[in-house]
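Visitor:
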Amino acid sequence: MSTAFISSFTIIFRESLEAVLIVAAIYGYLNQIGETSAKKIINYAWIASLAVGGLTFIGANYLFNLTAEHAEIVEGVTSIIASLVLFQVGVWFVSKAEANKWKQYIESKIKCAISKRDLLTLFLVVFFAVYREVFETILFYEALLLQFDSESISMGFIAGVFVVSIISYLILKMSVTLNLRYYFLGTSAMLFILSISFMGYGITELQEVGIFDTTLISIPKITILGIYPTMETLIPQLILLGLLSLSVYKAFFKRDAV
Amino acid sequence: MKKLLILTLIFFTISFEASADFKPLEKEVKQLREILSKTKTISKAELEKSLLSIKSKTPLIKNRVARTDLTGDVDILIKKYIKDNEKSIADSKDVDYWLVHIVDDLTMFVEMGITE
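Going down the list, the sequences are from chains A and B.
Note that our numbering has the first sequence beginning at 8, numbered continuously upward.
Note that our numbering has the second sequence beginning at 137, numbered continuously upward.
1. Going along chain A, which residues have a C-beta under 8 Å from residue 226 (chain B)?
2. Here's the rule I'm using: 16 or more other beta-carbon atoms within 10 Å means buried, otherwise exposed. How should residue 203 (chain B) be labelled?
3. Once the 5 residues before and after residue 248 (chain A) are set aside, which same chain residues still bring their CB inside 8 Å of it?
4. Return the chain-ordered list of same chain residues with a C-beta closer than 7 Å to the C-beta of residue 85 (chain A), the five sequence neighbours on each side being excluded.
5. To the nearest angstrom, how far is the alpha carbon of residue 95 (chain A) from that of residue 191 (chain B)?
6. If you count every other CB in all the chains shown that lies within 10 Å of the CB of residue 242 (chain B), and 16 or more means buried, which is it?
7. Please tell me whether residue 168 (chain B) and residue 179 (chain B) are closer than 9 Å, where the distance is taken between their beta carbons.
8. Identify which residue in B:245, B:230 and B:199 has its Cα closest to the Cα of residue 223 (chain A).
9. Can you check which of these residues, B:216, B:219, B:176 and B:188, is closest to residue 161 (chain B) by C-alpha distance?
10. Which same chain residues, not among the five before or five after residue 226 (chain A), have their C-beta less than 6 Å away from its C-beta?
11. Along the alpha helix (DSSP H) that carries residue 78 (chain A), what are the first and last residues, could you check?
12. Is any beta-carbon of chain A found at less than 9 Å from that of residue 243 (chain B)?
13. Once the 5 residues before and after residue 102 (chain A) are set aside, which same chain residues still bring their CB inside 6 Å of it?
14. Using a C-beta cutoff of 9 Å, does residue 10 (chain A) count as contacting chain B?
15. Can you find the residues in the same chain that come closer than 8 Å, C-beta to C-beta, to residue 167 (chain A), ignoring five residues on each side of it along the sequence?
16. When you compare the CB of residue 119 (chain A) with every CB in chain B, is at least one pair closer than 9 Å?
17. With DSSP run on the structure shown, which of helix, strand or coil describes residue 237 (chain A)?
18. Please state the DSSP three-state secondary structure of residue 225 (chain B).
19. Against residue 216 (chain A), what residues of chain B qualify as contacts under a CB-to-CB distance less than 9 Å, listed in chain order?
20. Can you look up residue 189 (chain B) in the DSSP assignment and give me helix, strand or coil?
21. By Cβ distance below 7 Å, which residues in the same chain neighbour residue 235 (chain B) in space, the five residues on each side in sequence not counted?
22. What does residue 250 (chain B) reach in chain A if we use C-beta pairs closer than 7 Å?
23. Would DSSP call residue 225 (chain A) helix, strand or coil?
24. Assuming residue 32 (chain A) and residue 197 (chain A) make a contact with CB atoms under 8 Å, what is their CB distance in whole Å?
25. Is it buried or exposed, residue 278 (chain A), if we count other Cβ atoms within 10 angstroms and call 16 or more buried?
26. Considering only residues of the same chain and omitting the five flanking positions on each side of residue 11 (chain A), which have a CB-CB separation below 7 Å?
27. Could you name the residues of chain A that residue 165 (chain B) contacts, counting a contact when the two beta carbons are closer than 8 Å?
28. Note the first and the last residue of the continuous alpha helix (DSSP H) segment covering residue 179 (chain B).
29. Going straight from the alpha carbon of residue 256 (chain A) to that of residue 124 (chain A), what length do you get?
30. Ignore the nearest five residues each way along the sequence and tell me which others in residue 216 (chain A)'s own chain have a CB closer than 8 Å to its CB.
31. Where residue 26 (chain A) and residue 224 (chain B) are concerned, what is the direct C-alpha to C-alpha distance, given to the nearest angstrom?
32. Within the same chain, show all residues whose beta-carbon is closer than 8 Å to that of residue 205 (chain A), passing over the 5 residues directly before and after it, in chain order.
33. With C-beta atoms as the reference, is residue 189 (chain A) less than 9 Å away from residue 100 (chain A)?
34. Distance cutoff 9 Å, beta carbons only. Does residue 239 (chain B) sit that close to anything in chain E?
35. Cα separation between residue 207 (chain B) and residue 218 (chain B)?
36. Is there a Cβ from chain A that is less than 9 Å from the Cβ of residue 205 (chain B)?
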């Protein structure tokens, strides 16, 4: 296997996996509540984000002469928005994990279709999750195409897309067969981890360009989880964790909670 | 033994060539990190000299995307710690934190197989 193939495979796999996990989890959710028509919105969201992401990249590069600073700001802001929307969806999922509430929810869903506000939230989460990856992916492929033959790169790309498609298929399959409660708990946990990671990454990008200060603290750097040793990244992540604890408490321990 | 020696030589030749264009930049970054590790703060003048020296090595990178990305990273540091910095010094740990970001980017490009 050539370096070009492996690099191409790794890039598309790594960059698209997070977005694919989110899209598949939401698809699974819509399967569970029988809202198949709402899937259209999800498709519009990821197609729109690919198109807008591509256009932003081309436009910014050729029309506005995108500097490294601007690129960091776009990535930073997009990541923070994605984090907040993901968190909202995560809270929503966790509130449905409790069996009785889920039953009530299903019953209410049979009576009335998914609300417009819910649809908008789902649209936004998919849009931003995909959009934040588009920039970097295009940039990486641009670098690879300058270095290697396009045939190996294309093969790597196709193989990567194939593997993430299998993963998303398995998640969708799981959403049908898995115990509903565990499905919601599992996907909520995943959404929260991604939300906290996106928050750390987004703030780091904005720190780099000096929008936020950088106050170093003595904690380990865990890039994959978006944990960086600075006060400015850690505090919002701790706030998210606090809000998460509150929503878990409301969902599982407070009997009269909605 | 002779075969082993030849194989080792070939390996080192390939390894050296594989990151030849990144080497000067890596060296400059390493030098600045060494200076920063010895002091709590660094004067703006000394930092500017080192950052410009780092920037002077980025044109040696042949891959346009890697070159642009790494030049951009250094430009951000120059803007942040030289142009926009109203003090006459900069915190060493703070600067080093962002130099690690450049080291991470370099490693990422090498891992992607971008070597020229």
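Just so it is clear, CB atoms sit at the ideal spot from N, CA and C, and this is done for glycine as well.
The structure presented is a predicted model; accordingly, all values stated were derived computationally and were not measured.
Guide: Well, looking at it:
1. Within the second sequence, residue 226 (chain B) is the residue found at index 90, counting from 1. Per Cβ cutoff of 8 Å: no residues; residue 226 (chain B) is ~11 Å from chain A at best.
2. Counting from one through the second sequence, the residue named residue 203 (chain B) turns up at place 67. Buried is the call here.
3. If you number the first sequence from 1, residue 248 (chain A) lands on position 241. So the list reads 203, once near-sequence residues are dropped.
4. The residue you call residue 85 (chain A) lines up with position 78 of the first sequence. Within the same chain, residue 85 (chain A) has close Cβ partners 135, 138 and 139.
5. By one-based count along the first sequence, residue 95 (chain A) stands at place 88. By one-based count along the second sequence, residue 191 (chain B) stands at place 55. Roughly 42 Å separates the two Cα atoms.
6. Translated into positions along the second sequence, residue 242 (chain B) becomes position 106. By the neighbour-count criterion, in which a residue is buried when 16 or more other Cβ atoms sit within 10 angstroms of its Cβ, residue 242 (chain B) is buried.
7. Along the second sequence, one-based indexing puts residue 168 (chain B) at 32. Along the second sequence, one-based indexing puts residue 179 (chain B) at 43. Cβ atoms of residue 168 (chain B) and residue 179 (chain B): not closer than 9 Å.
8. For the purposes of this step, residue 223 (chain A) is taken as residue 216 along the first sequence, with counting starting at 1. Selection B:245, B:230 and B:199 evaluated against residue 223 (chain A) yields B:230 as nearest (Cα-Cα).
9. Residue mapping note: residue 161 (chain B) aligns to position 25 of the second sequence, counting from 1. For the residues B:216, B:219, B:176 and B:188, the minimum Cα distance to residue 161 (chain B) belongs to B:188.
10. Indexing the first sequence from 1 puts residue 226 (chain A) at position 219. Same-chain partners within the cutoff: 236.
11. Position 71 of the first sequence, counting from 1, holds the residue named residue 78 (chain A). Its alpha helix (DSSP H) spans residues 75 to 102.
12. The residue given as residue 243 (chain B) occupies position 107 in the second sequence. Closer than 9 Å: no.
13. One-based indexing of the first sequence puts residue 102 (chain A) at position 95. Same-chain partners within the cutoff: 258.
14. Taking the first sequence and counting its residues from 1, one reaches residue 10 (chain A) at position 3. Judged by the 9 Å Cβ criterion, residue 10 (chain A) is in contact with chain B.
15. If you number the first sequence from 1, residue 167 (chain A) lands on position 160. Once the five neighbours on either side are set aside, the close Cβ partners of residue 167 (chain A) are 15, 16, 17, 18, 19, 20 and 23.
16. As a working mapping, residue 119 (chain A) is identified with position 112 in the first sequence. Confidence in residue 119 (chain A) is poor, its pLDDT being 46 and thus under 50, which makes the residue's placement too unreliable to answer from.
17. Here residue 237 (chain A) refers to the residue found at position 230 when the first sequence is read from its first residue. Three-state result, residue 237 (chain A): strand.
18. Your numbering for residue 225 (chain B) matches position 89 in the second sequence. Correct three-state label for residue 225 (chain B): strand.
19. Numbered from its first residue, the first sequence carries residue 216 (chain A) at position 209. By Cβ distance, chain B contributes 212, 215 and 216.
20. Here the question's residue 189 (chain B) lines up with position 53 in the second sequence. Three-state result, residue 189 (chain B): helix.
21. As a first step, residue 235 (chain B) must be located in the second sequence, where it is residue number 99. If we look at residue 235 (chain B) and ignore the five residues flanking it on each side, its Cβ neighbours are 165, 168 and 169.
22. Within the second sequence, numbered from 1, the residue matching residue 250 (chain B) stands at position 114. By Cβ distance, chain A contributes 150 and 154.
23. What you label residue 225 (chain A) is simply residue 218 of the first sequence in a count that begins at 1. Residue 225 (chain A) falls in the coil class under three-state DSSP.
24. By one-based count along the first sequence, residue 32 (chain A) stands at place 25. By one-based count along the first sequence, residue 197 (chain A) stands at place 190. Confirmed, about 7 Å.
25. Only positions 8 to 265 of chain A appear in this structure, which leaves residue 278 (chain A) out of reach.
26. Counting from one through the first sequence, the residue named residue 11 (chain A) turns up at place 4. Contacts found: 151, 155, 156, 159, 160 and 163.
27. Along the second sequence, one-based indexing puts residue 165 (chain B) at 29. Neighbours of residue 165 (chain B) on chain A: none; closest Cβ ~16 Å, over 8 Å.
28. Here residue 179 (chain B) refers to the residue found at position 43 when the second sequence is read from its first residue. Where residue 179 (chain B) is concerned, there is no enclosing alpha helix (DSSP H), although the beta strand (DSSP E) it sits in stretches over 177 to 179.
29. Within the first sequence, the letter at position 249 stands for residue 256 (chain A). Within the first sequence, the letter at position 117 stands for residue 124 (chain A). Inter-residue distance for residue 256 (chain A) and residue 124 (chain A) is about 24 Å (C-alpha atoms, whole angstroms).
30. In the first sequence, the residue the question calls residue 216 (chain A) occupies position 209. Hits under 8 Å: 76, 79, 80 and 83.
31. As a first step, residue 26 (chain A) is located in the first sequence; it is residue number 19 there, counting from the start. As a first step, residue 224 (chain B) is located in the second sequence; it is residue number 88 there, counting from the start. Spanning the two alpha carbons is a distance of roughly 44 Å.
32. Position 198 of the first sequence holds residue 205 (chain A). The answer, listed in chain order, is 86, 87, 89, 90, 93, 139 and 233.
33. Residue mapping note: residue 189 (chain A) aligns to position 182 of the first sequence, counting from 1. Residue mapping note: residue 100 (chain A) aligns to position 93 of the first sequence, counting from 1. No, the pair does not count as a contact, with Cβ atoms beyond the cut-off.
34. Within the model displayed, chain E is absent; protein chains A and B are what it includes.
35. For this step, residue 207 (chain B) is matched to residue 71 along the second sequence. For this step, residue 218 (chain B) is matched to residue 82 along the second sequence. The alpha-carbon of residue 207 (chain B) is positioned some 16 Å away from that of residue 218 (chain B).
36. Along the second sequence, one-based indexing puts residue 205 (chain B) at 69. So, interface residue.
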